[in-house]
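Trainee: The structure that follows is given in the form of structure tokens.
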């Protein structure tokens, strides 16, 4: 039999942990042929604590097997009855809250910056088919996005930034580097089963194949001349 824990909250609601459902034992009582039913006697340990301390006790009991074994076998406790009441003073970790707030705000700003760079990079990339300077600028923007992705720690976002950079490489004629970059991101997309990234790789790969065909056609035209 495991140690059962019952937590009673502010509204007198009962929350059970490690509760085992057992049928009551039927006991015959003497006198006038009547019967009554009686459950097994359970030894309880009553603890009345504030909610903060009670939460610590609950975590310790649920997570530490040695403590449960000591209560059950050494103390003979079968049911831990934990009654919670509001704490007289709420403990707030202001330092951790400040660190978390700063981290969340930084994450929001980086996400906004990523959106702006995506819009700007898309415009330069569209012009990169006709102007090499715009293609080079689009590549620099993609590298800035990659640095943000590294800071955010998102591997899929980093892969998309690398694909953006591969488009710049294709526009500038660096097809071999672009091919290696696309293959690497395609392997990542297959391992992560990310459909969006897979389709991006397939679309940019078709663009790379088109550029290779154009290069071969220009080479054949030069030979024929």
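In my numbering, the protein residues as written are 20 to 244.
We put the CB at the ideal spot given by N, CA and C, even for glycine.
The structure displayed is predicted, hence computed values, not measured ones.
Measuring alpha carbon to alpha carbon, tell me which residue in 90, 95, 112 and 25 is nearest residue 73.
Mentor: Here residue 73 corresponds to residue number 54 of the chain shown, with the count starting at 1. Measuring from the Cα of residue 73, the nearest candidate turns out to be 25.
Trainee: According to DSSP, is residue 71 part of a helix, a strand, or is it coil?
Mentor: Translated into the one-based positions of the chain shown, residue 71 becomes position 52. Three-state DSSP puts residue 71 in a helix.
Trainee: DSSP three-state label for residue 37, please.
Mentor: Taking the chain shown and counting its residues from 1, one reaches residue 37 at position 18. DSSP places residue 37 in coil when its eight states are reduced to three.
Trainee: For residue 143, is the classification buried or exposed, using 16 other Cβ atoms within 10 angstroms of its Cβ as the cut-off for buried?
Mentor: Start at 1 with the first residue of the chain shown, and residue 143 comes out as number 124. When all chains shown are included, residue 143 counts as buried.
Trainee: Give the single residue among 185, 146, 216 and 29 whose Cα lies nearest to the Cα of residue 227.
Mentor: As a working note, residue 227 is residue 208 in the chain shown. Closest option to residue 227, Cα to Cα, is 185.
Trainee: Can you tell me whether residue 126 is helix, strand or coil according to DSSP?
Mentor: The residue you call residue 126 lines up with position 107 of the chain shown. Annotated three-state conformation of residue 126 is helix, per DSSP.
Trainee: In terms of residue numbering, what span does the alpha helix (DSSP H) encompassing residue 194 cover?
Mentor: Residue numbering aside, residue 194 sits at position 175 when the chain shown is read from its first letter. Its alpha helix (DSSP H) spans residues 194-211.
Trainee: According to DSSP, simplified to helix, strand and coil, what is residue 224?
Mentor: Along the chain shown, read from residue 1 onward, the residue named residue 224 stands at position 205. The answer is helix: DSSP assigns residue 224 an H, G or I state.
Trainee: From the DSSP output, in three-state form, read off residue 100 for me.
Mentor: Translated into positions along the chain shown, residue 100 becomes position 81. Note: residue 100 maps to strand in three-state DSSP.
Trainee: Of the residues 133, 62, 198 and 111, which one's Cα is nearest the Cα of residue 98?
Mentor: Your numbering for residue 98 matches position 79 in the chain shown. Measuring from the Cα of residue 98, the nearest candidate turns out to be 62.
Trainee: Buried or exposed: which applies to residue 178, given that a residue is buried once 16 or more other Cβ atoms fall within 10 Å of its Cβ?
Mentor: As a working mapping, residue 178 is identified with position 159 in the chain shown. Burial is judged here by how many other beta carbons sit within 10 angstroms of a residue's own beta carbon; residue 178 has at least 16 and is buried.
Trainee: Hey, is the segment 151-166 in contact with the segment 184-198, meaning 3+ C-beta pairs nearer than 8 Å?
Mentor: yes
Trainee: Who does residue 24 pair with in a DSSP beta bridge?
Mentor: Taking the chain shown and counting its residues from 1, the one referred to as residue 24 is at position 5. According to DSSP, residue 24 bridges with 36 and 99.
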